[in-house]
Amino acid sequence: MLRAALLLLLPTIAIAGTASDDGDVAMIQIQQGSLKGVIRQAGPTRNFYSFRGIPYAQPPVGHLRFKEAVAAEAWLGVRESFEPPQCPQFAIEMILEGKEMEVKGEEDCLYLHVYTPMSFMS
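Reading the sequence shown from the start, the letters are residues -16 to -1, 1 to 106 in mature numbering (1 follows the signal peptide of the UniProt record, and there is no 0).
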(Lines of atoms letter the chains of each structure in order from A and count residues from 1; the text may use other names and numbers.)
(Lines give C-alpha, C1' and ligand atoms only; values in the text may rest on other atoms or scores of the structure.)
Protein backbone atom coordinates (compact mmCIF):
# COMPACT_ATOMS: atom_id res chain seq x y z
CA MET A 1 0.00 0.00 0.00
CA LEU A 2 2.82 2.40 0.87
CA ARG A 3 4.55 1.81 -2.45
CA ALA A 4 1.28 2.38 -4.31
CA ALA A 5 0.71 5.63 -2.41
CA LEU A 6 4.18 6.90 -3.27
CA LEU A 7 3.69 6.01 -6.92
CA LEU A 8 0.51 8.11 -6.91
CA LEU A 9 2.23 11.05 -5.23
CA LEU A 10 5.53 11.33 -7.06
CA PRO A 11 4.35 11.84 -10.65
CA THR A 12 1.91 14.56 -9.67
CA ILE A 13 4.22 16.75 -7.62
CA ALA A 14 4.97 20.27 -8.80
CA ILE A 15 6.74 22.46 -6.27
CA ALA A 16 6.90 26.22 -5.97
CA GLY A 17 8.92 27.70 -3.13
CA THR A 18 7.92 31.08 -1.74
CA ALA A 19 8.95 33.23 1.18
CA SER A 20 6.54 34.12 3.97
CA ASP A 21 6.60 35.56 7.48
CA ASP A 22 6.70 31.97 8.79
CA GLY A 23 9.85 31.16 6.80
CA ASP A 24 10.29 29.42 3.48
CA VAL A 25 7.36 27.31 2.38
CA ALA A 26 6.80 24.95 -0.51
CA MET A 27 3.48 24.33 -2.22
CA ILE A 28 2.75 21.15 -4.14
CA GLN A 29 -0.23 19.76 -5.97
CA ILE A 30 -0.88 16.02 -5.66
CA GLN A 31 -3.81 13.93 -6.83
CA GLN A 32 -5.76 14.46 -3.57
CA GLY A 33 -5.21 18.23 -3.35
CA SER A 34 -2.72 20.98 -2.49
CA LEU A 35 -0.08 20.64 0.22
CA LYS A 36 1.96 23.26 2.01
CA GLY A 37 5.33 22.09 3.33
CA VAL A 38 8.54 23.76 4.39
CA ILE A 39 12.05 24.18 3.08
CA ARG A 40 14.55 22.81 5.60
CA GLN A 41 18.31 22.88 5.77
CA ALA A 42 20.70 19.91 5.98
CA GLY A 43 24.04 21.50 6.61
CA PRO A 44 25.12 24.99 5.64
CA THR A 45 24.45 24.70 1.90
CA ARG A 46 21.93 21.91 1.33
CA ASN A 47 18.22 22.65 1.38
CA PHE A 48 15.39 20.18 0.93
CA TYR A 49 11.60 20.13 0.80
CA SER A 50 9.80 18.60 3.78
CA PHE A 51 6.19 17.44 3.65
CA ARG A 52 5.18 15.68 6.86
CA GLY A 53 1.80 14.16 7.49
CA ILE A 54 0.49 13.47 3.99
CA PRO A 55 -2.52 11.19 4.44
CA TYR A 56 -2.21 7.99 2.42
CA ALA A 57 -5.21 6.18 3.91
CA GLN A 58 -8.40 6.91 5.79
CA PRO A 59 -8.15 6.68 9.59
CA PRO A 60 -8.36 3.02 10.72
CA VAL A 61 -11.25 3.57 13.11
CA GLY A 62 -14.82 2.29 13.32
CA HIS A 63 -15.65 -0.14 10.49
CA LEU A 64 -12.13 0.32 9.05
CA ARG A 65 -10.40 -1.02 12.19
CA PHE A 66 -8.23 -4.07 11.43
CA LYS A 67 -9.12 -3.86 7.73
CA GLU A 68 -6.93 -3.25 4.70
CA ALA A 69 -6.10 0.43 4.31
CA VAL A 70 -8.56 2.50 2.24
CA ALA A 71 -7.05 5.26 0.09
CA ALA A 72 -7.20 8.79 1.46
CA GLU A 73 -9.95 11.03 0.15
CA ALA A 74 -9.31 14.28 -1.69
CA TRP A 75 -9.50 17.59 0.20
CA LEU A 76 -10.38 21.15 -0.72
CA GLY A 77 -8.04 24.07 -0.17
CA VAL A 78 -4.44 23.81 0.98
CA ARG A 79 -3.53 21.22 3.60
CA GLU A 80 -0.57 22.10 5.85
CA SER A 81 1.86 19.20 5.96
CA PHE A 82 4.11 20.23 8.79
CA GLU A 83 3.41 17.55 11.42
CA PRO A 84 0.92 14.65 11.60
CA PRO A 85 -0.92 13.48 14.71
CA GLN A 86 1.10 11.26 17.04
CA CYS A 87 0.29 7.54 16.76
CA PRO A 88 -0.89 5.78 19.93
CA GLN A 89 1.93 4.80 22.24
CA PHE A 90 2.61 4.15 25.86
CA ALA A 91 4.34 6.78 27.93
CA ILE A 92 7.92 5.72 28.73
CA GLU A 93 7.20 6.22 32.43
CA MET A 94 4.80 3.26 32.30
CA ILE A 95 7.56 0.95 31.21
CA LEU A 96 10.41 2.32 33.29
CA GLU A 97 8.54 3.24 36.46
CA GLY A 98 5.49 0.96 36.32
CA LYS A 99 3.07 3.89 36.38
CA GLU A 100 -0.62 3.54 35.61
CA MET A 101 -1.44 2.96 31.94
CA GLU A 102 -1.80 6.13 29.92
CA VAL A 103 -1.87 5.85 26.15
CA LYS A 104 -1.02 9.03 24.26
CA GLY A 105 -1.80 9.81 20.64
CA GLU A 106 -4.54 9.36 18.06
CA GLU A 107 -5.58 6.36 15.98
CA ASP A 108 -5.67 8.59 12.90
CA CYS A 109 -2.01 8.08 12.04
CA LEU A 110 -1.69 6.70 8.50
CA TYR A 111 0.52 9.42 7.06
CA LEU A 112 3.61 9.72 4.89
CA HIS A 113 6.60 11.99 5.36
CA VAL A 114 8.23 12.98 2.07
CA TYR A 115 11.62 14.69 1.92
CA THR A 116 13.15 15.59 -1.41
CA PRO A 117 16.24 17.58 -2.40
CA MET A 118 15.46 20.95 -3.91
CA SER A 119 17.66 20.09 -6.90
CA PHE A 120 15.45 17.05 -7.62
CA MET A 121 12.40 19.23 -8.25
CA SER A 122 14.16 22.11 -10.05
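Think of the CB as a built atom: it goes at the ideal place given N, C-alpha and C, for glycine as much as any other residue.
DSSP places E81 within a helical segment (H, G or I) once states are collapsed to three. Less than 9 Å separates the beta-carbon of V87 from that of P72.
Around V45, the same chain offers E91 and D92 as residues with beta carbons nearer than 8 Å, after the five sequence neighbours per side are excluded. Around F35, the same chain offers L19, G21, S65 and V98 as residues with beta carbons nearer than 6 Å, after the five sequence neighbours per side are excluded. Boundaries for Y40: no beta strand (DSSP E) harbours it, and the DSSP string shows neither H nor E there.
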